[in-house]
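For the sequence shown, the residue numbers in our numbering are 11 to 131. Virtual Cβ for every residue (Gly too), placed ideally from N, Cα, C. Below: one structure, written as structure tokens.
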Amino acid sequence: MYHKEKKFGKRKDQLSPEEQQQQEISRIKLPRERQVLGILEQRLGASRMRVRCLDGKTRICRIPGRLKRKLWVREGDAVIVEPWEYSGDEKGDILYKYTNTQVVWLRNKGFLKKLEEFNEF
């Protein structure tokens with residue numbers, strides 16, 4: 011018979027809600043060079059979505075194959091979009107989805123000022 015090794019420390023599901031929130035806020039992914047923040051407006055099917063971005067453009071975005079099963083998004087979610095090099099004003103890829111606590115942090119730090127102009131958010 012073999013024994014399962016005991017793991018030390020608390021698992022994520024064993025943390026209190028305050029500890030979970032603090033752990034999520036500690037490392038928030040921010041948009042880099044060409045990436046922009048956006049709000050998912052509508053799911054179009056076939057892993058395509060309509061996203062309104064901070065730069066004022068509405069893009070048809072897709073979830074890349076490596077993230078399809080890992081990244082589940084709904085309308086109204088805050089996401090990071092990377093516009094395509096060609097037809098960048100019209101299309102892009104969704105790279106990351108923010109949790110609710112991360113959205114609150116982004117709003118408090120002023121990253122979502124332009125998105126507050128949109129009534130849906």
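With 16 other Cβ atoms within 10 Å as the buried cut-off, status of residue i
i    : result
G102 : buried
R53  : exposed
P74  : exposed
Y96  : exposed
A56  : exposed
P93  : buried
L40  : exposed
R79  : exposed
Coarse secondary structure for residue i, derived from DSSP in three states
i    : result
K119 : helix
Q7   : There is no way to answer for residue 7, as the model of the chain reaches only from 11 to 131.
P27  : helix
DSSP bridge partner residues for residue i (one or two, in chain order)
i    : result
Q52  : R60
K107 : V89
L47  : I90
Nearest candidate by alpha-carbon position, reference residue i, set the options
i    : options                : result
R58  : G120, T111 and R84     : R84
E51  : L64, P41, R44 and Q45  : L64
R37  : D87, K80, R76 and Q112 : Q112
G86  : F121, L77 and T109     : T109
F121 : G48, S26, P27 and L81  : G48
K67  : V91, K78 and R79       : V91
I104 : R117, E43, S26 and L81 : L81
R60  : N118, K123 and D99     : D99
L77  : N118, V46 and K107     : K107
Which parts of the segment 69-104 are runs of the beta strand (DSSP E), unbroken and 3 residues or longer, counting only runs that do not cross its ends? 88-93
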